[in-house]
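When the count follows the numbering used here, it moves up by one through the sequence shown with no breaks and lands on 480 for the last residue.
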Amino acid sequence: MKNPVEDAFGQARAVADAVLFEGYVLYPYRASSAKNRMRWQFGVLVPPAWAVTGGEHSVQRTECLLEPRDGERLHAELRFLHVRRRTVEQLGADGAYTEVPELELADRVVVPWDEGAEERVLIHAPLIELTEDQAHARAVRFDLPPATAYEPVLDEDGTTLGRLVRRRERLTGELRPQIEELPGPYRVSRLTVTVHNTTEDAGPESGGREAALAHSMIGTHLLLGVPGGRFLSMTDPPEWARPAVADCHNDHTWPVLAGTQGREDIMLSSPIILEDHPVLADESPGPLYDATEIDEILSLRTAALTEQEKREARGTDVRASEVIDLVDSMPEAVMERLHGAIRGLREVTGEEPAGRAPAPATGLSLPDGAGHPWWDPAQDAEAMDVPATVTIDGEAVGAGSRVLLTPGARRSDAQDAFLFGRHATVEAVVGDLDGETHLAVVVDDDPGTDVRRQQGRFLYFKPDEVAPLKEEP
């Protein structure tokens, strides 16, 4: 029988996938990167024996409020990643395989890596069977046994060079839902769903965190649906429900309304904080696995990787390879769209529409009679006239001049200090509202120079922080 909330779950999974794979592989998308050696930071449920001393948890608890209304059945979907340890073996002349640290191919360098395989555990249960005296009967226990899989590594001619060996360790767990009708004039119930990692024989004595991760649930989150029912927002509930919301106890998770705006029969319980009805930005070109970063920055940095770095990324993980291909094939129009978006506009006049309260003061209003925004010096009639060139060490420096960057410790930050001694080209002489003059420059040999020029994203230095470069014969 088709799940009646499957379509809504499908919409919510787009956001849930961003949660599930958050931090899966970080820029620069290579296994050799230091930050890719400390992975799996969100929604990690470790074996109970390891949770005692390891600083992470073995149980995740979700509590939320539900008005059953015409709803009769709970649909729950537990999702998480299960680690698969991948090693690389080379085929020898004698036909035997030997484990190696890497295997060179024409388009990638294959290296050992911890992959994450998506797992799902489903529940479709009548609400009446989830009351306290019957909830134990609806607990779902799962057991993912150890397994080993092999994948041949072929060169461009189809010759076998070696193989990938993927091993997973045992992982057992339990999903336990329960519902309780709350006293009072409103027909509202508290839905509790707990997720337990029950794996035994995987304590600290078996190794450190890396050993525990092989038996852990990673990126753990829940999708909950009650067709015909209504979940209440846990961040902005109705006034009458606020005391009951305050009594809900959520451990290591954050439940929010999911699905399209206005829908109230779907809940996403996430290991990271989200707002109700979260959505992915329309401008996002695809999964980049680092939602704490900005897509534009990640894309520009990825485009600037060397060919050797891209080969290493492609050999790290299939998802990392897809990121490289995504950025390499990204049309200019898509890249431009990443630069910013306006979500909404309204006309600013001296009068507010009827029925609308006056907007609060922001501190950015224009003086009476002013016809320009105060932050735009180009529109300010009183702004200083900026000369086309400035004189430095007796030489006129302007657009097109090549300079040596010499930022000093007096006012430079770390980013400026890293550029000391680099050669750069001046793009413009600009001024600010304080009457200061600056040189807008791009650094020579920067692979992102063309993009910076197209988008006007320059570095700025004062005249005393650069020195003219003599033209070489």
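Ideal Cβ positions, reconstructed from N, Cα and C, are used throughout, including at glycine. Please read these numbers as outputs of a predicted model, since none were measured by experiment.
With DSSP collapsed to three states, give me the class of residue i.
i, result
"E188", "strand"
"W47", "coil"
"K469", "coil"
"I280", "coil"
"M524", "There is simply no residue 524 to check, as the chain begins at 8 and stops at 480 in what is shown."
"Q462", "helix"
"A474", "strand"
"E300", "coil"
"V233", "coil"
"A447", "strand"
"D457", "helix"
"F493", "Given a span of 8 to 480 for the chain in the structure shown, any question on residue 493 remains unanswerable."
"R115", "coil"
"V202", "strand"
"R481", "Because the chain is modelled from 8 through 480, residue 481 falls outside the range shown and cannot be assessed."
"T138", "coil"
"M241", "coil"
"D272", "coil"
"A340", "helix"
"L393", "The sequence shown places Val at residue 393, not Leu. Coil at V393, not helix or strand."
"A310", "helix"
"E2", "Outside the displayed range of the chain (8 to 480) lies residue 2, so it cannot be described from this structure."
"L411", "strand"
"L295", "coil"
"L345", "coil"
"L287", "coil"
Could you give the C-beta distance for residue i and residue j, rounded to a whole number, given that I count them as a contact under 8 Å?
i, j, result
"A23", "H228", "6 Å"
"F49", "P278", "5 Å"
"V449", "A431", "6 Å"
"W247", "Y193", "6 Å"
"L85", "V128", "4 Å"
"S196", "P75", "6 Å"
"E402", "L345", "No, E402 and L345 are not in contact; Cβ-Cβ is about 39 Å, not under 8 Å."
"S223", "V107", "Going by Cβ atoms, the distance from S223 to V107 rounds to 27 Å, so no, they are not a contact pair."
What does a CB cutoff of less than 8 Å around residue i pick up in its chain, not counting 5 residues either side in sequence?
i, result
"P414", "D423, A424, L426, F427, F468, E472"
"A288", "D302, A348"
"L151", "H89, E126, R175, R177, L178, T179"
"K42", "L33"
Within a Cβ cutoff of 6 Å, which residues of the same chain sit near residue i, ignoring the five residues on either side of it in sequence?
i, result
"H131", "H82"
"L198", "C71, L73, I186"
"R183", "A146, T201"
"T155", "R174"
"V12", "H82, G232, P234"
"C559", "As displayed, the chain neither begins before 8 nor continues past 480, which places residue 559 out of reach and without an answer."
"E319", "R37, V116"
"G455", "L307, A311"
"R363", "Interpretation of R363 is limited by its pLDDT of 46, a score under 50 that renders its predicted location unreliable; no figure is taken from the coordinates."
"P262", "T69, C71, M241, M274, S276"
"E63", "V51, V53"
Sorted by chain position, which residues of the same chain lie with C-beta nearer than 7 Å to residue i's C-beta, five sequence neighbours on each side aside?
i, result
"E139", "Q185, E187"
"V334", "S306, T309, A310"
"L110", "V95, Q97, V117, V160, L168, G169"
"M337", "P292, S306"
"V397", "V404, V436, T444, P470"
"A221", "V90, R92, E176"
"L137", "L81, R145, P184, Q185, I186"
Would you mind reading off the limits of the alpha helix (DSSP H) that contains residue i?
i, result
"F16", "13-27"
"R194", "Segment: none, R194 is in no alpha helix (DSSP H) and carries neither H nor E."
"R3", "As shown, the chain starts at 8 and ends at 480. That puts residue 3 outside it, with no answer to give."
"A403", "Premise fails: A403 lies in the beta strand (DSSP E), 402-405, not in any alpha helix (DSSP H)."
"A251", "249-254"
Could you give the residue range of the beta strand (DSSP E) that holds residue i?
i, result
"A132", "120-133"
"G169", "167-175"
"D335", "Unbroken run through D335 is the alpha helix (DSSP H), 325-335; no beta strand (DSSP E)."
"V263", "261-264"
"E158", "154-161"
"A431", "430-438"
Are the C-beta of residue i and some C-beta of chain C separated by less than 9 Å?
i, result
"V200", "As a matter of chain content, chain C is missing from the structure shown, which is built from one protein chain."
*Identify every run of the beta strand (DSSP E) within the stretch 33-107, keeping only runs that are complete inside it and at least 3 residues long; order them along the chain.*
66-74, 80-98, 104-107
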